[in-house]
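Scroll down for the structure; my scribbles are underneath it.
Numbering (full-length UniProt numbering), first residue to last: 1 to 68.
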């Protein structure tokens with residue numbers, strides 16, 4: 001996961017940090033990832049497994065101005 005973060009930084013990709021349920025089986029966001037992207041927006045998605053079902057996440061992606 002941190003290696004993917006390194007690639008995102010290298011290629012200057014917009015980064016959004018998100019979790020589906022911090023107290024669930026996937027656990028909280030890895031602290032090292034938060035440290036790697038201290039200025040990245042963090043979107044909590046309580047109960048939303050699919051990030052695209054979360055309106056705040058979709059808005060954050062659109063705000064990057066990037067297309068897929």
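Cβ coordinates follow ideal geometry from the N, Cα and C atoms, glycine included.
What are the residues that DSSP puts in a beta bridge with residue i?
i          : result
residue 17 : 42
Quick one: residues in its chain with C-beta nearer than 7 Å to the C-beta of residue i, no 5 flanking neighbours on either side, listed in chain order?
i          : result
residue 58 : 52
residue 60 : 16, 41 and 43
residue 45 : 18, 19, 20, 51, 54 and 57
residue 28 : 19 and 22
Within a Cβ cutoff of 6 Å, which residues of the same chain sit near residue i, ignoring the five residues on either side of it in sequence?
i          : result
residue 15 : 8, 37 and 40
residue 66 : 14
Between residue i and residue j, what straight-line distance do the alpha-carbon atoms span, to the nearest angstrom?
i          : j          : result
residue 55 : residue 47 : 13 Å
residue 43 : residue 2  : 18 Å
residue 64 : residue 30 : 23 Å
residue 13 : residue 26 : 24 Å
residue 11 : residue 33 : 17 Å
The stretch 46 to 60 contacting the stretch 13 to 21, beta-carbon criterion three pairs below 8 Å: Contact between the stretch 46 to 60 and the stretch 13 to 21 is present: 3 or more CB-CB pairs across the two stretches fall below 8 Å.
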